[in-house]
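Student: In UniProt numbering, the protein residues as written are 1 to 327. Structure provided below as structure tokens; questions to follow.
Given below as structure tokens:
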């Protein structure tokens, strides 16, 4: 029985009929990289394509389970209307209406409160000013001879303006005054002139002392303000005007210092008579200053004129209190 053919022959036939078995001393058969191995990379490309297709298919698969939002995810916003405003519920609209009404009420209350405070402050300033003017109308007269009577003091201080009252302190034991008195004028301008011109004047053998009352410092700021304001006005105060002189007479004399806007002598209760004092208003402050410097103590009709600065109103304290409803 014959033995089967060697396996080597089958292998050689599979390799194209060439026996690749190396003989002793011969080189090895060509490797797959030197010959036909070009077909193996094609297999690798196919495998890569197959893998990519699998990945693409996996990426295109739909999400089947629930999607959970993380802390950084964007939240869905409710539907908006108009210019990005949310549609309000009836309750919210009612709250907006109430808010508008409340804001309007608060605004009105605020305005009324400010007006009330401003009115109260104005009243307080007016009252303080009136109280300061009351103090300005009073002058202290000291070093009075014990032999002098009230009438003598009145005659000495009357040329500066209308006197409201004279208060002399009396000793009940000796029945004599204590050597001092308080003279109260109806106008602060009159008191200011008396203060400036009567201090040190010899009366009854003594040089009297004239000054402000001791309680004046408390009103000093307001008094200083009033005095500074008077400097800005073009008005002057004239006193000790002879009864026979008229407003036309006074204006014809004082218009030499500048153009006059008004000249007024305060009328008395007797028809055709005046109270011997009045006010002149110039168009310029220069005219007012020159009139004061030139006409104070000027003898006009046998009486020495008293001329000084005038305030804003030209009213007596009684008239001012009535006008500003302080009395």
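Think of the CB as a built atom: it goes at the ideal place given N, C-alpha and C, for glycine as much as any other residue.
(1) One question on the structure: do residue 245 and residue 301 come within less than 8 Å of each other, judged by their Cβ atoms?
(2) Give the C-beta separation of residue 292 and residue 236 to the nearest angstrom, bearing in mind that I take them to be a contact with Cβ-Cβ under 8 Å.
(3) Residue range of the beta strand (DSSP E) that residue 177 falls in?
(4) Evaluate residue 196 with the Cβ neighbour count: other Cβ atoms within 10 Å of its Cβ, from every protein chain shown; 16 or more gives buried, anything less gives exposed.
(5) State the beta-bridge partners of residue 265 as determined by DSSP.
(6) In whole angstroms, give me the CA-to-CA distance for residue 177 and residue 126.
(7) Alpha carbon to alpha carbon, how far is residue 106 from residue 189? Give it in angstroms, no decimals.
(8) Which value, in whole angstroms, describes the spacing of the CA atoms of residue 108 and residue 90?
(9) Drop a sphere of 10 angstroms on the beta-carbon of residue 198, count the other beta-carbons inside from all chains shown, and report buried for 16 or more, exposed for fewer.
(10) Beta-carbon within less than 8 Å of residue 215's beta-carbon, same chain only, minus the 5 sequence neighbours each way: which residues are those?
(11) Taking residue 285 as part of the alpha helix (DSSP H), name the residues at either end of that continuous run.
(12) Which ranges would you report for the alpha helix (DSSP H) in the UniProt domain "RRM" (137-215) if only whole runs of at least 4 residues count?
(13) Which residues in the same chain have their Cβ closer than 6 Å to the Cβ of residue 310, if we skip the five residues on either side of it in sequence?
(14) For residue 268, which residues of its own chain have a beta-carbon under 7 Å away from its beta-carbon, when the five flanking residues on both sides are left out?
(15) Taking the straight line between their C-alpha atoms, what separation do you get for residue 222 and residue 228?
(16) Would residue 261 and residue 281 be called neighbours here (beta carbons separated by less than 8 Å)?
(17) Once DSSP output is grouped into helix, strand and coil, what is the label at residue 256?
(18) Using C-beta distances below 6 Å, list every residue in its chain close to residue 230, excluding the 5 sequence neighbours before and after it, in chain order.
(19) Beta carbon of residue 241, beta carbon of residue 258: below 8 Å?
(20) For residue 239, report the span of its alpha helix (DSSP H) as first-last.
(21) Just to confirm my understanding: we take residue 204, look at its own chain, exclude 5 residues before and 5 after, and list those with CB closer than 8 Å. What are they?
(22) In angstroms, rounded to a whole number, what distance separates the CA positions of residue 297 and residue 118?
(23) When the Cα atoms are used, what is the spatial distance from residue 175 to residue 169?
Tutor: To lay it out plainly:
(1) yes
(2) 6 Å
(3) 176-185
(4) exposed
(5) 278
(6) 36 Å
(7) 48 Å
(8) 27 Å
(9) buried
(10) 135
(11) 285-295
(12) 150-157, 188-198
(13) 189, 235, 236, 237, 279
(14) 274, 275
(15) 10 Å
(16) yes
(17) helix
(18) 309, 311
(19) no
(20) Counting along the chain, residue 239 falls outside any alpha helix (DSSP H), though it belongs to the beta strand (DSSP E) covering 235-239.
(21) 144, 145, 147, 148, 152
(22) 44 Å
(23) 10 Å
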